[in-house]
Each structure stands twice: as C-alpha cells, then as structure tokens.
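These notes are about the structure you will find just below.
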Amino acid sequence: MSLPDTLSNLRRIDGGFATIVPDGWMQGRTSYGGFSAALALEAARGLADDLPPLRSAQVSFIGPLAGEVEVRARILRRGRNASWISAEVSSAAGVGLTATFVFMGAVDSALHLHEVPPPANVVPVDQAKPLPEGRGPGFAGHFNRRFGLPRTDRPEPEIGWWVQLKDREGLDPMVELMLCADALPPGVLFMMPNPAPISSMTWLVNLLTPLPETRDGWWLLRSAGNYAEKGCSSQDMAIWNADGTAVAVGMQSIALFG
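All the letters of the sequence shown, read from the start, carry residue numbers 1 to 258 under full-length UniProt numbering.
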C-alpha cells in the first residue's frame, strides 16, 4: 500500500488521525522513518489551510512504530510570518516519533547565498545504473533507486543515490520530499566491518525552497558520515533535484549496535 493509499484510508481522531502502517513500509520492527515523518507532516498540515511553506523539520525517532498508529499535531505558536507545529506518532507500544515543523513565508532580504553544489562526480540520472532489485529493507520496493556516485576502490563514509517514489499521485510536494529524504542507509554503513543493527535517533531537515520540484520525480540524496565512535554516528545530508539545484540539507544522528 502506497502513502497516497494509506492517507485515503485514515480515520479521523481528536487532534489528528489514526491509520495502519502497511507491512511494506516497515524497516525491521518499526516503520521506515521517512514514512512516519511524512505522516507527522500530513497531520501538521491539516491544522490550518493557510500555513506558509515548510522551512524546517526536527524529528526524533523514539521507539518502534507498527500496526495501528495515532498521529496528532498541535500549534505551538502562530506568528505574523512563521508558525511552529509539533506532531507525535504513537502506537500501542507508546510514543515512537515526535517532530517540530517550522512553516515560514518569504520576507525581503538583502542576503542572497545558495552554495550547496552537488557532488563534483555525480552521475546524471539518465546515465545512472539501477540498484539490484530485491535488496535492502522492505520499504525499498516503493522507490526506484539508481547509483548517483561512481564506485570507489575502498569503502568511504558517503552514499549518493537517485531516488524516485513510484506512487506519488496527489501527495503534497513537501510530504513527498519528507518521505523520500530518509531513503538512504547511513553513510558509514559500508565501512562497518560486520553487519550490525542500526537505528536513527534524531533528524534535522532544512528546506532551501518553498516548493520542491524536480523532473520525473527524481531526487539525488547524499549522506556523508563525519563521526562514528562508541555506538554513535553523525552524518550530513543533502538533496538536489534532477537539474542539480539543492532543495534541502540536514543532519542525522544514528545508533550503531556493533
């Protein structure tokens, strides 16, 4: 079941909605993080029809989410130009995700800076080779994926893939981007000497555009690990559209159990 299908079958509750996490969106014993975050954003968007564009999201992955989940949101503050909304996704096991979204309209500014170039060695999407079918977590089947960076002779803490959501009909562009944005494994994954469980802990996403757009739904995602010690890893993240324009940057903390 796709995200559009899930959203068309939700049940309204006080402060939000309830729905079932489809088996195809699971990652181990919990929901894929991008799916849970997209549900939280959908609940936040539903609080008002006149919200300005989303500009930042702070997400905490607290516990497993599976089966029926309840998604609630509330307005923390509505200013003249910016609004802060918190959201929470919970299941029978308790709270699994919390998020704070910042929606902000455009204001006049004398500063113009947009220095987030794509990797110098990026492989154009129409030349990129697809990832092998059937590999990766269960949710991967909802995406088309292609290698965005050439292979190297030795492992590096960097992963870059082209990602395209297969069923995105009717989705808000920001919800679609949130769903796609967490689709990469951690940048340090292929440097680990042995397979081991991993778990995202926190995730910060800053949007660089009020309306993310790309050709044919393809986004270039990059995760670059910069720290891994004592079971914790930190990584920088970025997303570009098919024309090489940056649309989001972020940071994520990850627990490594091995």
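Glycine included, each C-beta is placed from N, C-alpha and C at the ideal position. Being a predicted model, the structure only gives us computed values, none of them experimental.
Contact between the segment 54 to 63 and the segment 195 to 207 is established, with three or more Cβ pairs separated by less than 8 Å. Straight-line measurement puts the Cα of Ala37 at about 25 Å from the Cα of Ala228. Taking every protein chain shown into account, the CB of Gln127 has fewer than 16 other CB atoms within 10 angstroms, so this residue is exposed.
For Leu149, the closest C-alpha among the options Gly141, Leu113, Gly138, Leu131 is that of Leu131.
Between Phe257 and Pro195, the beta carbon gap of about 11 Å keeps them out of contact (Cβ cut-off 8 Å).
Two segments are said to touch when three or more pairs of C-beta atoms, one from each, lie closer than 8 Å; by this definition the segment 207 to 220 touches the segment 154 to 170. The closest CA to that of Thr98, considering only His112, Pro117, Glu70, Arg80, is found on Glu70. Two segments are said to touch when three or more pairs of C-beta atoms, one from each, lie closer than 8 Å; by this definition the segment 131 to 142 touches the segment 24 to 44. Straight-line measurement puts the Cα of Phe147 at about 15 Å from the Cα of Ala120.
8 Å or more divides the Cβ of Gly46 from the Cβ of Val95. With a 10 Å radius around the Cβ and a threshold of 16 neighbouring Cβ atoms, Val188 comes out buried. Taking the CA atoms as reference points, Ala92 sits about 34 Å from Ala82.
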